[in-house]
Structures are given as structure tokens and as C-alpha cells.
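Asker:
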Amino acid sequence: MDTKEKLKQILVKDLNLEEVTPEEISDSAPLFGEGLGLDSLDAVELVVIVQKHFGVEIKDMEEGRKAFQSVDSLAAYIEARTAA
49 MDTKEKLKQI LVKDLNLEEV TPEEISDSAP LFGEGLGLDS LDAVELVVIV
99 QKHFGVEIKD MEEGRKAFQS VDSLAAYIEA RTAA
């Protein structure tokens, strides 16, 4: 399972997204607002989820803002940090 697929499964399960399946989440759709519809509380949970499941720490808001744009950007962020 690649990082994007794992992320989608974790998002649905850990954020209790009841109206969407991992398969329905587009890699390029925004995670917040019009896309997946996550909010600021979900952002806090997402920081914890990324650290728990991938061992990657998001240290500041600017870093998080870039990483949390989409599944694509978050997967790339995680892969870059775990490869280092």
C-alpha cells in the first residue's frame, strides 16, 4: 500500500469521516474547505495522526499549511521526511 492509500484510509478511520470512503478521496482535492471539508480541529488531529502513523512531526503552522493542501502534498511531505 502506498503512502496516499494509507493516508486516505487513516483519514477516514481516525477522523471519523462517515460520508466518504478512501476510494472517493481525490489525491488533488483540498483537504480543507470545499474539498474534503476538514476544519481547524481536524488540522490539530491531523498533526497527531501524521506523527503517530508515520513518525513525522509537523513543527509549525506554515509547514503544516503547505503539507495539508491535499493528499498529494501530504504524502509528498511524509515521503520526503521519512526518506531523509
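Count along the sequence shown from 1, then add 48; that gives the number in our numbering.
Glycine included, C-beta positions come from ideal geometry on N, C-alpha and C.
From a predicted model like this one, the values you see are computed outputs, not experimental measurements.
(1) For glutamate 127, which residues from the same chain have a beta carbon less than 7 Å from its beta carbon, with the 5 sequence-adjacent residues on both sides left out?
(2) Is the number of C-beta pairs between the segment 93-102 and the segment 58-73 that are closer than 8 Å three or more?
(3) Let me check one thing: in DSSP terms, what residues is phenylalanine 80 bridge-paired to?
(4) Nearest to serine 76 by CA position, among Asp108, Glu93, Ser121, Lys107, is which residue?
(5) Tell me the residue span of the alpha helix (DSSP H) that contains glutamine 57.
Answerer: With the given structure in hand:
(1) On the sequence shown, residue 127 is found 79 positions in, with the first residue counted as 1. Here the set comprises Thr51.
(2) yes
(3) For the purposes of this step, residue 80 is identified with residue 32 of the sequence shown, where counting begins at 1. In the DSSP output, where bridge partners are listed per residue, phenylalanine 80 has Leu86.
(4) Position 28 of the sequence shown holds residue 76. Among Asp108, Glu93, Ser121, Lys107, the Cα nearest to that of serine 76 belongs to Ser121.
(5) Position 9 of the sequence shown, counting from 1, holds the residue named residue 57. Looking at the DSSP string, the run of the alpha helix (DSSP H) that includes glutamine 57 is 51-62.
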